[in-house]
Amino acid sequence: MLKIFRFCRSKCHKNFKMKRNPRKVKWTKAYRRLQGKDMTQDSTFEFERKRNRPERYDRNLAENTLKAIKKIDKVRVDREARHHTLRMKGKKAKEQREAAKELEQSIHMVKAPAVLQQEPSLTLPKIKVKVSQQQSEENHAMEE
302 MLKIFRFCRS KCHKNFKMKR NPRKVKWTKA YRRLQGKDMT QDSTFEFERK RNRPERYDRN
362 LAENTLKAIK KIDKVRVDRE ARHHTLRMKG KKAKEQREAA KELEQSIHMV KAPAVLQQEP
422 SLTLPKIKVK VSQQQSEENH AMEE
């Protein structure tokens, strides 16, 4: 049986010919769905499916269909927004922790050294580490 593939763009076709797995290529829909970045299970996707059965034209049916399309689109957008907020929920706290850590490490770039000496609360506490004399002699012997 001969299978015919249709690709959305030449980029997809070229990647297919190179036998790349779409679940491992980060920009594909397959990858995004597998990693939980896109919604996969939603009833609104059922309405977007293409139907090839011809229907007799009915003005009322067409009018109701257009109204339903608007409602369904609004529902889908709301669900996508909710999905996105759930994905990004812990990200803000993480970014704040990273920013605070960065600020602690490079506070000398933000404040002048004279101010840091006046206010010791802005600097990190210095940790003194004792090094035994024997280790320093070994290091000195290695350098020679």
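Going by my numbering, the first residue of the sequence shown is number 302, and it counts up by one from there. Using N, Cα and C, we set each Cβ at its ideal position, and we do this for glycine too.
**OP:** Put C313 into one of helix, strand or coil per three-state DSSP.
**Re:** Sequence index remark: in the sequence shown, residue 313 carries index 12 (1-based). It is helical.
Original post:
CB D299 to CB R380, shorter than 9 Å?
Top reply: Coverage of the chain is limited to positions 302 through 445, which leaves residue 299 absent and any answer about it impossible.
**OP:** Consult DSSP for N322 and reduce its assignment to one of helix, strand or coil.
**Re:** Counted from its first residue, the sequence shown places residue 322 at position 21. Reduced to three states, the DSSP call for N322 is coil.
Original post:
At which residues does the alpha helix (DSSP H) containing I305 begin and terminate?
Top reply: Within the sequence shown, numbered from 1, the residue matching residue 305 stands at position 4. No alpha helix (DSSP H) contains I305, which DSSP labels as neither H nor E.
Original post:
To which residues of the same chain is T341 closer than 8 Å at the C-beta, ignoring the five residues directly before and after it?
Top reply: Mapped onto the sequence shown, residue 341 falls at position 40. Hits under 8 Å: R334.
Original post:
Once you ignore the five residues that flank G448 on each side, which residues in its own chain have a CB closer than 8 Å to its CB?
Top reply: With the chain represented from 302 up to 445, any question about residue 448 goes unanswered, as that position is not in the structure.
Subject >> Closest by C-alpha distance to K330, when choosing among M319, N353 and C309 >> reply: Position 29 of the sequence shown holds residue 330. Among M319, N353 and C309, the Cα nearest to that of K330 is on C309.
Subject >> Spatial neighbours of Q406 in its chain, beta-carbon cut-off 6 Å, leaving aside the 5 residues before and after >> reply: Numbered from 1 along the sequence shown, position 105 holds the residue referred to as residue 406. Once the five neighbours on either side are set aside, Q406 has no close Cβ partner at all.
Subject >> Rounded separation between R324 and N316 - CA only >> reply: Residue numbering aside, residue 324 sits at position 23 when the sequence shown is read from its first letter. Residue numbering aside, residue 316 sits at position 15 when the sequence shown is read from its first letter. Spanning the two alpha carbons is a distance of roughly 12 Å.
Original post:
Mind pulling the alpha helix (DSSP H) runs of 4 or more residues that sit fully within the stretch 323 to 384?
Top reply: 330 to 335 and 345 to 349
**OP:** Look up K395 in the DSSP assignment and say whether it is helix, strand or coil.
**Re:** Within the sequence shown, residue 395 is the residue found at index 94, counting from 1. Residue state, collapsed to three classes: helix.
Original post:
In the structure shown, what three-state DSSP assignment does E429 receive?
Top reply: The residue you call residue 429 lines up with position 128 of the sequence shown. The question names Glu, yet the displayed sequence has Lys at residue 429. Reduced to three states, the DSSP call for K429 is coil.
Original post:
F348 and I370: beta carbons closer than 9 Å?
Top reply: Reading the sequence shown from its first residue, position 47 is the one you call residue 348. Reading the sequence shown from its first residue, position 69 is the one you call residue 370. Yes, these two residues count as a Cβ contact at 9 Å.
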